[in-house]
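Since the structure comes first, as structure tokens, the remarks are kept for the end.
In our numbering, the protein residues as written are 500 to 685.
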């Protein structure tokens, strides 16, 4: 690759200008990385605060395997309380997987990218509300139903019911997200 990128014809083709530039596939680049927040989690967990960490399973920025790794053996070294199992959204479709640790819940959201609430809003809302209020309370909330997802039909023209999530539910979910984000930034 290095020899190829050093060819004058290649540099001309990609419009490299400014004279000769020495290219190398690994270079010392002066940059700063964001600092790790790993050392903050023991303080949060020792304060008996419930914490939710989630990842979209198609996130190419922060993949769920890396997150799972730093929660368990290669980071916080937390012990599993309830093993890896599927969780289901309000539409009764599998929405991802979850693992419980002491005071910490790790969840994946199936088919979601880096911005889970943007790519899977129904599952994200359900995940947050069930985490904050518990499964029993969450079962009584009204959620929009996408009939094409519920039936497994690829026909995206199927009608959906009007969202029935109340404003108070959205406010509480927003506050819950804010609390989690503030806890992490402590």
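Even glycine gets a Cβ: it sits at the ideal position worked out from N, Cα and C.
> Going along the chain, which residues of its own chain have a beta-carbon closer than 8 Å to the beta-carbon of residue 513, five neighbours each way excluded?
Replying inline: none
> Are residue 600 and residue 580 close, meaning C-beta to C-beta below 9 Å?
Replying inline: yes
> So is residue 642 buried or exposed if we call it buried at 16+ other beta carbons inside 10 Å?
Replying inline: buried
> Name the DSSP beta bridge partners of residue 554, please?
Replying inline: 607
> Rounded to a whole number of angstroms, what is the C-alpha to C-alpha distance between residue 658 and residue 575?
Replying inline: With a pLDDT of 44 at residue 658, under the threshold of 50, the predicted position of this residue should be treated as unreliable, though the coordinate-derived value follows. Their Cα atoms are separated by approximately 45 Å.
>> Taking the beta carbon of residue 516 as the centre, do at least 16 other beta carbons fall within 10 Å, making it buried, or is it exposed?
In response: exposed
>> With distance defined between alpha-carbon atoms, name the residue in 511, 567 and 620 nearest to residue 583.
In response: 567
> Out of curiosity, what's the CA-to-CA distance linking residue 535 and residue 508?
Replying inline: 43 Å
>> Less than 9 Å between the beta carbons of residue 563 and residue 607, yes or no?
In response: yes
> To the nearest angstrom, how far is it from the Cα of residue 549 to the Cα of residue 630?
Replying inline: 9 Å
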